[in-house]
Structure formats: C-alpha cells, structure tokens
Amino acid sequence: MDDFIIKAAGVLPSERQYVWQQMEFYAFIHFTVNTFTDREWGYGDEAPAIFNPPALNADQWAETCRAAGMKGLILTCKHHDGFCLWPSRFTGHSVKNSPWKDGKGDVVREVSDACRRAGLKFGIYISPWDRHEKTYGDSEAYNRYFINQLTELLTGYGDIFCVWFDGACGEGPNGKRQIYDWEAYYKIIRELQPQAVISVCGPDVRWCGNEAGHCRKSEWSVVPRELQDAEKIAGKSQKADDGEFSKLINSMEQDLGSRAAIKNASELIWYPAEVNTSTRPGWFYHSAEDHSVKTAEQLLKVYLNSVGGNSCFLLNIPPDGRGLIHENDVAVLEKLGGTIKKTFCENLAAKAVATASESLNDAHLPDNILSENKDSFWRPAAGTEAAELVLTLESEKTFNIIVLKENISYSGQHVESFTLEVLQNGCWMRVFEGTVIGYKRICCFNKISASGIRLKITASRLFPTIEYLGVFLSEVELSGM
Ligand code: FUL
Numbered sequence: 000m001d002d003f004i005i006k007a008a009g010v011l012p013s014e015r016q017y018v019w020q021q022m023e024f025y026a027f028i029h030f031t032v033n034t035f036t037d038r039e040w041g042y043g044d045e046a047p048a049i050f051n052p053p054a055l056n057a058d059q060w061a062e063t064c065r066a067a068g069m070k071g072l073i074l075t076c077k078h079h080d081g082f083c084l085w086p087s088r089f090t091g092h093s094v095k096n097s098p099w100k101d102g103k104g105d106v107v108r109e110v111s112d113a114c115r116r117a118g119l120k121f122g123i124y125i126s127p128w129d130r131h132e133k134t135y136g137d138s139e140a141y142n143r144y145f146i147n148q149l150t151e152l153l154t155g156y157g158d159i160f161c162v163w164f165d166g167a168c169g170e171g172p173n174g175k176r177q178i179y180d181w182e183a184y185y186k187i188i189r190e191l192q193p194q195a196v197i198s199v200c201g202p203d204v205r206w207c208g209n210e211a212g213h214c215r216k217s218e219w220s221v222v223p224r225e226l227q228d229a230e231k232i233a234g235k236s237q238k239a240d241d242g243e244f245s246k247l248i249n250s251m252e253q254d255l256g257s258r259a260a261i262k263n264a265s266e267l268i269w270y271p272a273e274v275n276t277s278t279r280p281g282w283f284y285h286s287a288e289d290h291s292v293k294t295a296e297q298l299l300k301v302y303l304n305s306v307g308g309n310s311c312f313l314l315n316i317p318p319d320g321r322g323l324i325h326e327n328d329v330a331v332l333e334k335l336g337g338t339i340k341k342t343f344c345e346n347l348a349a350k351a352v353a354t355a356s357e358s359l360n361d362a363h364l365p366d367n368i369l370s371e372n373k374d375s376f377w378r379p380a381a382g383t384e385a386a387e388l389v390l391t392l393e394s395e396k397t398f399n400i401i402v403l404k405e406n407i408s409y410s411g412q413h414v415e416s417f418t419l420e421v422l423q424n425g426c427w428m429r430v431f432e433g434t435v436i437g438y439k440r441i442c443c444f445n446k447i448s449a450s451g452i453r454l455k456i457t458a459s460r461l462f463p464t465i466e467y468l469g470v471f472l473s474e475v476e477l478s479g480m
C-alpha cells in the first residue's frame with residue numbers, strides 16, 4: 000500500500016473540529032449600518048447616527064434559528080465598513096455613538112445572551128478589512144487595533160464557538176495595503192477561547208469555494224497543507240494575481256482530496272468544509288428582496304447536500320431595519336426546521352439485523368451501526384479496503400433516505416466509493432452510488448419499499464469504518480436532490 004495513503008488514513012480532526020462538525024447547521028447574521036443604507040459593502044463613512052433599529056429583538060433571531068433546527072449563530076460584530084456592534088473602547092465608530100438605546104446598547108451582548116437562552120452556541124465574524132479605521136494600511140498599528148478588538152470580543156461575551164475571518168483586504172486611506180498578522184490573531188484566539196474554531200481564513204474550517212450553497216460530490220476533510228496556506232494569503236479578490244498564491248491550491252478547485260490531489264502534498268491536514276449561503280440574494284437585508292427569499296424546498300436541498308455531504312451548513316439570515324427577522328424568512332425557516340425534524344425522527348432500521356463480510360473483533364460488530372453513537376462502530380481489519388454490510392429489516396419498510404457516517408474521531412475519513420442496494424422480492428436493486436462518506440452522507444433516492452439493505456464499500460483507504468446507517472422516509476420528493 001502506498002505510503003501517502005497510510006498517512007492520509009491517519010489524519011484525524013482536532014477535538015474542536017470534531018465538536019464543530021457535530022453542530023451541522025447554524026446561522027450567519029449580517030446586520031450593521033448597511034441594513035440602514037441598503038448596501039452590501041459600506042464605505043466606512045456612514046454616520047453612527049443612522050444605526051437605530053426601533054424594535055431589535057435578539058430573542059426573535061435566536062428563536063427563529065432554533066426553530067430551523069440550527070445549533071448556533073455567528074454575528075457580524077464588525078463588517079468591512081468598520082462599524083462595531085459593541086461599544087469598543089478603541090474606536091468611536093460604534094453603537095455607543097448611535098441613537099439606538101441612547102448609545103447605551105450593545106448588540107453583541109444582546110445576541111450572545113439570547114443565544115444562551117435559546118440553547119445556541121455563539122460565534123463572531125469580525126472583518127480584518129476595515130474601511131473606516133485610520134490606521135488600516137499602517138500594518139503594525141492596525142494589527143494592534145484589531146487584536147485589541149478581538150480581545151474585547153473574546154473576553155466579554157462568554158464562550159465563542161467560532162471566529163469567522165473573511166480574507167478581503169483592500170487599500171487603506173493612506174493608499175497602503177494592510178499586511179494582516181494572522182499568526183498573532185490565531186494566537187490570541189487560542190489563548191482566550193481555545194475551543195473556538197477559526198474559519199475560512201483560519202486553520203480549522205475551510206470555505207467550500209462558492210456562496211451558492213453547493214458542495215463537491217467528493218468533499219474530503221483530509222487535504223494538502225498547501226490549501227490552508229493559500230487561505231491565509233487572503234484577499235479573495237487579489238488571489239488571482241498573487242504570485243505566491245498561484246503556487247498553492249485554492250479552495251475553489253474541484254478536486255482537493257483524491258489520491259491524485261494528495262499524492263505530492265508536503266503534509267496532509269484535517270481541514271473540513273463549511274457551505275455558506277443566504278436566505279436572500281444579498282448578505283444584508285434589502286426590502287426589495289422580500290419576495291426573493293429561498294423556499295423551504297430550496298433550503299432543504301442545500302441542507303441535504305451540505306450536512307449530508309460531509310460539510311457544515313452556515314445559512315445567513317439578515318435582520319431588517321426594525322431589528323427583526325422578516326416574516327417571510329421566519330415562515331420559510333420554521334417550515335424547513337419542521338421538515339428536517341419530521342424526516343429524521345424515526346430510523347426505520349433501528350431494529351434491523353446487521354451482518355458484515357468481515358469484522359475486526361467483537362468490539363466492532365456490524366450491529367453497532369444501528370444506533371448513532373460515536374463510541375461504537377463497525378470496522379474490518381487493516382488492509383481490508385472493500386467490504387459489505389447487509390441489514391435485514393424487521394419488516395418491509397418504505398423509505399427514500401439512507402444516512403451513513405464514518406467514525407471520523409477514531410480514524411478520520413477513509414471511504415472512497417460505495418453503492419447502496421435494496422432487497423425487493425428477492426432481488427438486489429441498486430438505488431445509490433456514492434464516493435466519500437466522512438462525518439455524514441445523506442443519500443436520497445426515489446421512494447422504495449424493501450426488506451433489506453446492502454452497503455458495498457468498493458474502495459477505501461486502509462480500512463473503512465461505519466458508525467451509523469439510518470433509514471428514513473421523507474414526504475418531500477427527493478429524487479433530484
Ligand atoms: C464576503 C463578504 O465580502 C460579504 O459581504 C459577506 O460577509 C460574505 C459572507 O463574505 O467575503
């Protein structure tokens with residue numbers, strides 16, 4: 000067996016990456032002066048006086064996320080315009096100079112408290128690119144300013160599950176390009192919130208490569224280190240003509256983890272994908288988009304493909320100028336959450352009998368896959384790269400979804416290809432053909448009635464593990480999803 004395959008099979012998530020992966024679905028909240036100017040990117044010259052949401056209700060935001068089935072929320076504490084949603088001690092460009100709550104308000108406090116009340120984790124987006132701050136472009140001074148602001152956010156608002164860094168990097172008012180001190184930013188985050196993942200321009204979670212909600216057919220979490228270095232060079236807009244960048248791999252390439260893609264990597268790392276998109280065309284609220292909210296069916300499709308495609312799903316919900324999530328978005332999110340809950344409430348294979356072509360030992364028998372438990376899973380001996388699992392269902396069942404999970408915390412990501420067959424009137428019929436599994440794969444097909452299921456793992460790295468195989472029936476037509 001090739002050396003690089005043995006190495007790839009040994010790459011595991013860190014504890015914080017594993018905890019993050021289990022969150023599966025969480026919200027992005029884009030809210031700032033842009034909400035009041037109807038823009039997507041502010042210029043940095045907006046007067047704090049325009050920030051005045053008359054009915055801001057962070058509990059309504061958190062409740063909407065909870066109803067959608069989300070586990071957390073990431074707030075744009077500072078977007079590219081530099082306006083701070085908390086009363087930072089290091090700038091006057093913040094809520095403290097706005098008429099909202101007579102300058103005594105703190106959106107970050109209200110949202111982080113509301114998240115805790117709703118049982119959601121709280122995360123921060125803070126844009127390194129700052130079009131307002133005078134020191135921007137004067138690298139050392141601005142890096143100090145940025146670290147001071149990060150410190151305020153990391154120390155003042157309880158546990159933070161994620162720090163989301165955008166790589167955009169424009170010129171400062173002095174015409175100079177800012178050099179971000181990523182290593183110093185990461186250091187302070189690790190020191191103050193060691194459990195937080197650092198996403199996108201960070202070492203823990205990578206951007207899936209588009210903002211449309213698509214993920215790859217084969218989304219690998221084990222990728223070459225060169226990909227992480229590319230994210231740090233930063234500046235999505237500048238990457239294309241950056242000489243250093245062109246030697247690296249970028250997050251938009253289609254093949255990041257196949258044998259060919261990892262063969263010559265300097266090092267292999269665990270760097271899982273996050274899929275991000277918005278309920279609306281824009282990231283910020285615009286009343287003109289009130290009737291362009293994605294439907295619950297469209298969002299369900301993104302959910303099944305991302306959470307079910309070895310990624311997490313970060314869905315943006317922009318509050319409006321009142322400080323509320325608009326009725327149209329609320330209706331869609333409640334419907335989406337209801338559908339997800341109903342679909343996955345009963346595993347039709349929970350009482351099945353499972354057999355396998357081979358098992359390593361008594362601790363790794365096939366019936367471990369009937370319930371979702373990270374400490375019990377099936378695996379064959381090392382060197383067995385193809386294997387079969389057969390489930391005999393308690394009785395004939397009608398279903399259109401099979402959920403598969405590898406045990407990534409034990410052995411990382413190994414499965415490279417598989418097929419699913421169902422037993423109908425004594426004949427095996429193929430219903431799904433897939434590539435990777437990873438943390439979770441949701442396989443959708445036309446509704447079918449069958450008494451057995453056969454999972455054939457046709458290729459894997461060193462050996463496969465299966466932690467879970469669940470069978471579900473969705474009332475939604477899933478064939479094209
Ligand atoms: C982008 C930003 O420029 C957008 O405004 C938005 O915040 C999105 C999530 O990331 O790079």
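For the sequence shown, numbering that gives the first Met the number 0 assigns the number 0 to the initial residue and increments by one for each residue that follows. Positions of the beta carbon are idealized from the N, C-alpha and C atoms, including for glycine.
#### Entry: Extent of the continuous alpha helix (DSSP H) run through Y135
Unbroken run through Y135: none, as it is neither H nor E.
### Query
Is E243 buried or exposed, if buried means 16 or more other CB atoms sit within 10 Å of its CB?
Any reading at E243 needs caution, since the residue's pLDDT is 46, under 50, leaving its predicted position unreliable; the model's value is listed next. Classification for E243: exposed.
### Task
Can you tell me which of A272, S473, D319 puts its alpha carbon nearest to the alpha carbon of K340?
S473
### Query
Taking the alpha-carbon positions, what's the G208 to S310 distance?
12 angstroms
### Query
Can you name the start and end residues of the beta strand (DSSP E) that F444 belongs to?
440-459
### Query
Can you give, in chain order, each stretch of the beta strand (DSSP E) that sits fully within the segment 341-412 and has at least 3 residues?
352-355, 386-404
### Query
Is E420 near the ligand FUL, going by C-beta to nearest heavy atom under 7 angstroms?
no
### Task
Would you list the residues sitting across from A26 in a DSSP beta bridge?
L72, L314
### Inter-stretch contact at 8 angstroms, needing at least 3 Cβ pairs: the segment 346-359 / the segment 325-336
no
### Query
According to the Cβ coordinates, are S265 and E225 closer than 8 angstroms?
yes
### Task
Going by CA-CA distance only, name the one from Y135, E210, Q194 that's closest to G174.
Y135
### Query
In whole angstroms, what is the alpha-carbon distance linking R143 and P98?
29 angstroms
### Query
Using CA coordinates, which residue listed in A259, L403, D137 is at the minimum distance from G169?
D137
### Assigned exposure category for T75 - 16 Cβ within 10 Å defines buried
buried
### Message
Counting C-beta neighbours from all protein chains within 10 Å, is the total for E357 16 or more, i.e. buried, or is it exposed?
### Response
exposed
### Task
Sort F398, P365, F50 by Cα distance to D101 and report the nearest one.
F50
#### Entry: Proximity to G320 [Cα-Cα], best of H290, F343, Y284
Y284
### Task
Kindly list the residues whose CB is nearer than 7 angstroms to the CB of F35, restricted to its own chain and excluding five residues on each side of it in sequence; keep chain order.
I49, F50, G320
### Query
Can you find a heavy atom of the ligand FUL that lies under 7 angstroms from the Cβ of W40?
yes
### Query
Going by C-alpha distance, which of V110, E288, L119, N275 is nearest D37?
E288
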